[in-house]
Amino acid sequence: MHVAVCIKQVPDTAEVKIDPETNTLVRAGIESMANPYDMTALEEALRLKDKYGAKVTALSMGPPQADSVLRQALSMGADDAVLLSDRAFAGADTLATSYTLSKAIETLGLAQPVDLVLCGKQAIDGDTAQTGPGIAERLGLTQFTYVIDVESIDPDTRRVRVRRKVDGGFEVISGRLPALLSVELELATPRRASLPMLIDSFRAPIKIWDAKAINASLDLVGLKGSPTWVKAIASPQVHRAGPKWDAAQGLSQAVSAAMDTLFSDENFAAAFQKGWKP
Amino acid sequence: MEEKFDVAIVGAGPAGISAACVLADRGAKVIVVERGEYPGSKNMFGGVLYGQSLGRVIPDYAQKSCPIERNIVESRISYLSEEGSIGFAYRDQAFFGKLHNNAFTVGRAKFDRWFAEQARAKGALVVCSTVVTDLLRDGAGRVIGVKTDRADGELHAKVVLLADGINSPLAVKSGFRPEARPESVALAVKELIELPEEVIDERFGVSAGNGVTIEILGSVTLGMNGVAFVYTNRRSISLGIGANLCDFAKQRVRPYEMIERLKLHPAISPLIKGGKPREYLAHWLPEGGWESVPKLFHDGLLIAGDSAMLFNALHREGSNLAMTSGRLAAETILHALEKGDFTSRTLKGYAARMEESFVLKDLKKYRRFPSFLKTHGELFTTLPRGALEALREILTVDDTPKETRRKSAWRAIRGRLTPLGLLRLLFDAWRSIR
Amino acid sequence: MAKNTRGIEVAEIISDKCIACQICIAECPVGAIELNSAGVAEVDPELCVGCGKCFDSCPVNAVRFEKKKRRPFPLEKAAEPGAPQQKTDRGVAVFIETVDGRGAPVSWELTGKAGELARQLDAKVLGFVLGSNVSGVAEEAIAYGCDEVHLVDDPRLSRYLPATFGKALSDLCEKVRPEIFLIGATALGRDLAGAVATRLQTGLTADCTGLFIEKETGLLLMTRPTFGGNIMATIFCQRKRPQMSSVRPRVFAAPQKDGERKGIVSRHKFSPPTVELPEFVQFIPAGDDAATDIVSFPALVVAGRGACDRSSLPLLEELAQLVGGVLACSRPVVQAGLLPYERQVGQTGRTVAPRLYIGVGVSGAVQHLVAIQGAEKILAINSDPNAPIFRVADAGIVGNYQEIVPELIARLRDKRS
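Residue numbers (numbering that gives the first Met the number 0), protein chains in the order written: chain P, 0 to 277; chain V, 0 to 433; chain A, 0 to 416.
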């Protein structure tokens, strides 16, 4: 069995902010990291490796520095790592990204067919959750999103059965391989690399594939292949800014003043009194 | 683990990485183990590095896009009382020209990562998020490697270099260094205040990548033995204040209150006006000086940087001592590798090199300085007040004859300090740096 | 302005402004720009030829370059299947998600928005309904503002599968050719939108919180939070159609239902995909606690980092009950294991729009604030007077919540009775 895992290098988004006055990004000392959802996917792939002896290939697209997430994957136990790096890939939106990744998975398949593609539900920088479904669609893979458990894989009948999160509960569903699973964080906790594996990962060769290597059309990758463009960025709007009172200056006055302000809207006050019933 | 390294370095700070660069450059098999998520993530210092000590490790650092914030062209010293300041500023054209980057500011998160990248490029392995939990020893007690918190985490090396900073629990645990006593440690806090580049340029009278450092003494430490500083970065100002840990405990002052107070001081607030606080950091400094430096070499082990308490409290230098000690440790190890002997017999060459270098020479020269500060609390209390009043007397222009003014100026000092006390202060000061 | 050794005035990237969108990297004709280790674009001055393309293309003015006049953005006037759109491309379509044989609320929120957009474009609102026995939903869709409903009613669509729904919906788009296509960003919708956009080879902007028509170009401008909600990006899709956007529930208000509205319902045949479909095994309803759907309550008491204390939960529960709501929380409280993830409000949790929101010890990180924008009234209680939550609150009380909340409970009791 051959499992491909797509891993994105993302900035640690908790630290990215916009200065509201100058409208510039504040990114002092921001670290890049592997998208946590993708690391969960990798952990699941490694479990499949432990269980079924699957071969695990880690795949990432990005500038040459993105090799650090692939090294991390190797240190945890991935067998192979491929970095898709080409200036032509720059500026890709989800459509161009899913195209590029699917071409790479096709290329991987030439050596050994890929049975399972695992990816995180979404990346924490963009939160779009579109790349996985896009890859599945392009490669004609059975698509399972929001996976929280891989219940079984039968290599003989070539079927996979998963539990996925849906509105109001969970769904157990099975389908044929090859399949794509996009996973939730609950699925697994990524393992910590052993020291020898960690050391080896720094020396391991990382394949770098450009557009030509994956036989991708230059019109469909990167900015050229991206229908959506960013027009502008801004800080999220904050509004209202009503009055506030300090409880230290008198607890009961503060509470009653705040309540008076809140219920100064008569309709709102009436609705509250009626227990919100229309 | 089967693999054996020539050198295992604990800590990817200036000392550890300097050593790694020198060693890897000469083909030694080096591994650096860092507990932080990335080099620099757990580190903090005032912000000034020195070009010469870096150049000895990476001669072409400027061409390798070393993340320099500002080249320091002017050094100021400010002596603050509650109400005012007495200052001294030194600016020299030489720092624009031939002494360019004699001293410069950097941000640790950026610089340490860059520095570690240089070591990696030379062939050193730098592994992060890995904590060294213990030293490995053979039957004879010689250090033969380290143990980490990862699975299969033993790492064998011919020599271990401890460069894990002042909090080095490893040095303490292995008995190579006593736990730092509170009186030989300072607690420093620092705030990064963001301002536009042009505003900083204008306020400090500099342009294009040049900057200023201000060392501050006086009443801002609220009578505690300590100093404050203002350093210019490209688009921010580092504002810090530190004092002896003992004094903090005694005075029950909270460090962040001190920094808030400093920000309000009339001599400081105009410099940071309109800036936005971005980061707040705290760190220990080894201030014990010469007396607190432990034995630097053992069988299979060397100690460098803050782990070895190398810090020049008078000149506020630390990073250059760390880098130089790391480099000298590396040179010693290279010699040991040549000889194939890793016992203290060969490794003691490190101590000799250190004694030959400015590092220990300076520390030895100023060995009485820490106790001088400790015993002269008036430096941080009455003296700044007196000095300011005396100057106020002298510089107020009215009908009073100068003779009377001179006398009252003298009274302003003497009222706070007996002539004998003043004499002792001057004598002790002279003796401490003689 | 900086010059390189060849005397060319080169472009420089202001790293604080750069959002690493990499557009300049793709635009640079000489390959002089790369992402540096800090994750922002950097110009190699020796390679730069000073053409200024990066300056023109940067969406956030992060390129320092001396140029007399900046070309108006977007660069190219709408090209190919282009502007002005053909008549057939003029509809604003909405995917009507069905739950238990009825339209999901998010669908009506979108038909309302689609109506606004359609008016500006002089276009029709189209409802796309898929499922089995869903003709009732088509009527509902007209009542909620659709001018035309396109219906694919087929037993094979009784359960959602990305393969079948994706195929049916993209077939429909190719037939009807809407200019704009909106999908609710529910669990189902997010999945489906990605599949449809890929099939149609068009652009999709996920989780939009604002949709506008740009006057000059007629393009749809889509605003969405990115970088974990810390930043709002405005996205557009110039060349491909439809312009697709998914929108989270409760971002827009649903219009009034109007039973008198008239509209056309056209039925379409379902041509299933040829691939082997997955097989549904079973549905497991979520446990009791997890099933509490915080978004359905008219009032929320939200515990934040400042009230992250197990012993305080009963007090906050009491307040929640009193105001006719339920207890929810921000991320630190989930991380501390005090409340399940389902109770989390925020960009990574739920977007909520209750009538009353009471934040207790919630400081108001941006990712939390964007998710409570829709609340009618916000009361904030926090010990830090500078907490950002006060900037979005209708009223605030500064102090220790353990003193304030009991007082508030007492007062609210009076108010209720």
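Ideal placement from N, C-alpha and C gives every residue a C-beta, glycine not left out.
Remember, predicted model here, so these are calculated numbers, not experimental data.
Proximal chain A residues relative to residue i, where beta-carbon distance stays under 8 Å
{"i": "W275 (chain P)", "result": "P297, A298, G323 and R354"}
{"i": "R137 (chain P)", "result": "T197"}
{"i": "I172 (chain P)", "result": "P277, E278, F279 and V280"}
{"i": "K243 (chain P)", "result": "A379, P384, F389, A392, A394, G395, I396 and V397"}
Start-to-end residues for the alpha helix (DSSP H) that takes in residue i
{"i": "P13 (chain V)", "result": "P13 to D24"}
{"i": "H334 (chain V)", "result": "S318 to K338"}
{"i": "I388 (chain A)", "result": "I388 to V391"}
{"i": "Q266 (chain P)", "result": "Here residue 266 (chain P) is Asn; the residue named in the question, Gln, does not match the sequence. Element bounds for N266 (chain P): E265 to Q272."}
{"i": "L79 (chain V)", "result": "Where L79 (chain V) is concerned, there is no enclosing alpha helix (DSSP H), although the beta strand (DSSP E) it sits in stretches over I67 to L79."}
{"i": "E406 (chain A)", "result": "Y400 to R415"}
Length of the line joining the Cα atoms of residue i and residue j
{"i": "P276 (chain V)", "j": "I267 (chain V)", "result": "15 Å"}
{"i": "L41 (chain P)", "j": "G38 (chain A)", "result": "23 Å"}
{"i": "K206 (chain P)", "j": "A65 (chain P)", "result": "12 Å"}
{"i": "E138 (chain A)", "j": "I213 (chain P)", "result": "49 Å"}
{"i": "K86 (chain A)", "j": "F180 (chain A)", "result": "Residue confidence is low: K86 (chain A) scores 46 on pLDDT, short of 50, so the model does not pin down where it sits. Its coordinate-derived value is still stated next. Near 16 Å, if we compare the C-alpha coordinates of F180 (chain A) and K86 (chain A)."}
{"i": "G76 (chain P)", "j": "G52 (chain P)", "result": "12 Å"}
{"i": "E170 (chain P)", "j": "V161 (chain P)", "result": "8 Å"}
{"i": "P83 (chain A)", "j": "G221 (chain P)", "result": "Low confidence applies here, because P83 (chain A) scores a pLDDT of 40, under 50, leaving its location unreliable and the question unanswered by this model."}
{"i": "Q272 (chain P)", "j": "E265 (chain P)", "result": "10 Å"}
{"i": "K16 (chain A)", "j": "V62 (chain A)", "result": "8 Å"}
{"i": "G317 (chain V)", "j": "D361 (chain V)", "result": "12 Å"}
{"i": "P387 (chain A)", "j": "G345 (chain A)", "result": "15 Å"}
{"i": "L169 (chain V)", "j": "W283 (chain V)", "result": "16 Å"}
Proximal residues of chain A, C-beta to C-beta of residue i below 7 Å
{"i": "D92 (chain P)", "result": "G202"}
{"i": "V254 (chain P)", "result": "I396, I403, E406, L407 and R410"}
{"i": "L100 (chain P)", "result": "The contacting residues do not exist; L100 (chain P) stays about 12 Å from chain A at best."}
Within chain P, partners of residue i - CB distance below 7 Å
{"i": "D200 (chain V)", "result": "Under the 7 Å cutoff, chain P gives no residues; its nearest Cβ is about 16 Å from D200 (chain V)."}
{"i": "K376 (chain A)", "result": "L261 and F267"}
{"i": "G154 (chain V)", "result": "It is Leu, not Gly, that sits at residue 154 (chain V) in the sequence shown. Per Cβ cutoff of 7 Å: L194."}
{"i": "E33 (chain A)", "result": "P62"}
Proximity below 8 Å, CB of residue i to CB of residue j
{"i": "G208 (chain V)", "j": "R107 (chain V)", "result": "no"}
{"i": "V148 (chain A)", "j": "I141 (chain A)", "result": "yes"}
{"i": "G183 (chain A)", "j": "L109 (chain A)", "result": "yes"}
{"i": "G304 (chain V)", "j": "S324 (chain V)", "result": "yes"}
{"i": "L107 (chain P)", "j": "V182 (chain P)", "result": "no"}
{"i": "I234 (chain A)", "j": "I232 (chain P)", "result": "no"}
{"i": "N419 (chain A)", "j": "V404 (chain A)", "result": "No information on residue 419 (chain A) is available, as it lies outside the stretch 0 to 416 that chain A covers here."}
{"i": "S306 (chain V)", "j": "A162 (chain V)", "result": "yes"}
{"i": "V219 (chain V)", "j": "L160 (chain V)", "result": "no"}
{"i": "S167 (chain V)", "j": "L134 (chain V)", "result": "no"}
Neighbour list for residue i in chain P, Cβ cutoff strictly below 9 Å
{"i": "F54 (chain A)", "result": "Ordered by position in chain P, no residue passes the 9 Å Cβ test against F54 (chain A), which lies about 15 Å from the chain."}
{"i": "T233 (chain A)", "result": "V229, K230, A231, I232 and A233"}
{"i": "D151 (chain V)", "result": "S193, L194, P195 and M196"}
Run of the beta strand (DSSP E) containing residue i, from where it starts to where it stops
{"i": "I377 (chain A)", "result": "K376 to N381"}
{"i": "T132 (chain V)", "result": "V131 to R136"}
{"i": "Q8 (chain P)", "result": "Q8 to P10"}
{"i": "K363 (chain V)", "result": "First-last for K363 (chain V): F357 to K364, but that is the alpha helix (DSSP H), not the beta strand (DSSP E)."}
{"i": "Q281 (chain A)", "result": "E278 to P284"}
Listed by chain order, chain P residues near residue i by CB distance under 8 Å
{"i": "V126 (chain V)", "result": "L194, L197, I198 and F201"}
{"i": "T147 (chain V)", "result": "L194"}
{"i": "D236 (chain A)", "result": "The amino acid at residue 236 (chain A) is misidentified as Asp; the sequence shows Cys. P226, T227 and W228, listed in chain order."}
{"i": "K239 (chain A)", "result": "P226"}
Contact set between residue i and chain B, taken where Cβ atoms lie within less than 7 Å
{"i": "D190 (chain A)", "result": "Of the protein chains in the structure, P, V and A, none is chain B."}
Runs of beta strand (DSSP E) wholly within the segment 29-92 of chain P (minimum 3 residues, chain order) | Listed in chain order, the beta strand (DSSP E) runs fully inside the segment 29-92 of chain P are 31-33, 54-60 and 79-83, counting runs of at least 3 residues.
Fully enclosed by the segment 157-208 of chain V, which alpha helix (DSSP H) runs are 4 residues long or longer?
-> Runs of the alpha helix (DSSP H) inside the segment 157-208 of chain V: 168-172 and 196-203.
With a floor of 3 residues, list each beta strand (DSSP E) that falls wholly inside the segment 136-164 of chain P, ordered by position along the chain.
-> Entirely contained in the segment 136-164 of chain P, the beta strand (DSSP E) runs reaching 3 residues are, in chain order, 141-153.
At which residue ranges does the segment 246-289 of chain V contain complete alpha helix (DSSP H) runs of 4 or more residues, listed in the order of the chain?
-> Runs of the alpha helix (DSSP H) inside the segment 246-289 of chain V: 254-263 and 268-271.
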